[in-house]
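Everything below concerns the one structure shown next.
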Amino acid sequence: MQYTRLGSTGTRVSRLCLGCMTYGTPSWREWVLDDAQSRPFFRRALDAGINFFDTADMYSLGVSEEVTGRALAQVKRDSVVIATKVYNPMSADPNDQGLSRKHILHSIDASLKRLGTDYVDLYQIHRYDPHTPIEETLDALDTVVRAGKALYIGASSMWAWQFGQMLATSQRRNTARFVTMQNHYNLVYREEEREMIPFCRAEGIGLLPWSPLARGFLAGNRRVQDYGDTSRARTDSLAQQYYYQPSDFAVVEAVTRVAARRGVPNAQIALAWVLAQPGVTAPIVGASKLPQLDDALAAVELQLSSEELAELSAPYAPHAVLGHQ
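Residue 33 is where the sequence shown starts when you use our numbering, and the numbers rise one by one after that.
Structure below.
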């Protein structure tokens, strides 16, 4: 395993982050694995040197955090970097959502209880909240950090101007500064290259791309007529909304060509491309089958040539921007 700094911090993380949305309860999503089914993935990740694990309170409505916490209880707490998120509704209670001070301070305590730990390494806002003043959100996050309940804070998908406002406000108020941006980025969705990625690179913000394999689309087994054979493919409304245009299938064809020449699965090539992009700290990789995790691990060692990178990038066409607030 290779390691790198978490943004501009001194904390070192593996070049892969295991995304834990897949682990929780199938009563939330039919493709989610339960506690017993999830354990082999954590063991394989830890054995391979992955020390970075990402979940969120809303994944399986808290059960993902519980499963993640139990799985990581087997190792020394200071040997792993645990990230979780806050923003999405956890119940019908109107205050059990968003980025108000009330919700953040309640949510961090609830997440720590479910994870079975005294602190998280990275506490991320899952989205931008247009209904709460930036100052209130930043002051609440600063309170979390000063209380020792989180070491760092991070953000996720939003407009670059919104993130810029938040960084400027935190500097003006001398509050905890975001160190990471978890954004939607892969070979068939590269709109983040226009503003967010250059901005984060300039500001020393580490990039943690989510859906680096386009939710499985880049594996090459998706179809226009019925989306594919897996339950995830058939029920994934986000993928159906943002992928499946002709240029996306042209990108998959390029990935398939390079993979065939290399004698490796498509997933290794697509993930190696993301890992090669400037500013990327660690893609968030999900796995519901152990060979998927093995492909991700192999991608860390796969070095693409400049010609291969150009071939993979060439078919891309612009997309509608992923919906931000």
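By construction, the Cβ of each residue, glycine as well, lies at the ideal position given by its N, Cα and C atoms.
These figures come from a predicted structure and were not determined experimentally.
- Counting the other Cβ atoms within 10 Å of the Cβ of PRO244 gives 16 or more, which makes it buried.
- Our two residues, TYR221 and ALA352, have alpha carbons roughly 9 Å apart in a direct line.
- Nearest in C-alpha terms to SER96, of all of GLN106, LYS321 and PHE74, is PHE74.
- LEU199 places its beta carbon 8 Å or farther from that of ILE185.
- The beta carbon of THR100 lies closer than 7 Å to those of CYS52, TYR55, PHE85, THR87 and LEU147 in the same chain, with the five residues before and after it left out.
- With 16 or more neighbouring CB atoms inside 10 Å of its own CB, TRP242 falls in the buried class.
- Taking the Cα positions, PHE195 is about 14 Å away from ALA208.
- DSSP places VAL45 inside the beta strand (DSSP E), whose first and last residues are 44-46.
- If you look at GLY51, you'll find it in the beta strand (DSSP E) that goes 49-51.
- Leaving aside the five residues that flank TRP305 on each side, the residues in its chain whose CB is nearer than 7 Å to its CB run, in chain order, LEU219, LEU336, LEU341 and LEU344.
- When DSSP reads this structure, GLY186 sits in a beta bridge with GLN156 and THR212.
- Burial state of GLY295 is exposed, judged by a 10 Å Cβ sphere holding fewer than 16 other Cβ atoms.
- Cβ neighbours of LEU154 within its own chain (closer than 6 Å, five residues either side excluded): ALA115, TYR184 and GLY186.
- Cβ neighbours of VAL112 within its own chain (closer than 6 Å, five residues either side excluded): ASN83 and LEU104.
- Excluding its 5 nearest sequence neighbours in each direction, ALA308 has C-beta neighbours in its own chain below 7 Å: LEU336 and LEU341, listed in chain order.
- With the rule of 3 Cβ pairs closer than 8 Å, the region 121-134 does not count as touching the region 316-332.
- In this structure HIS158 is not in contact with GLY130, their Cβ atoms being roughly 10 Å apart against a cut-off of 8 Å.
- Cβ-Cβ distances below 6 Å link LYS134 to ASN127 in the same chain, with the five nearest sequence neighbours on each side left out; the list follows chain order.
- Bounds of any beta strand (DSSP E) do not take in ALA103; it lies within the alpha helix (DSSP H) bounded by 95-104.
- Where ARG205 is concerned, the enclosing alpha helix (DSSP H) starts and stops at 192-205.
- Beta-bridge pairing by DSSP links ARG37 to ARG44.
- DSSP places ILE114 inside the beta strand (DSSP E), whose first and last residues are 113-118.
- Of the residues LEU50, MET190, ARG205 and LEU93, the one whose Cα lies closest to the Cα of SER143 is LEU93.
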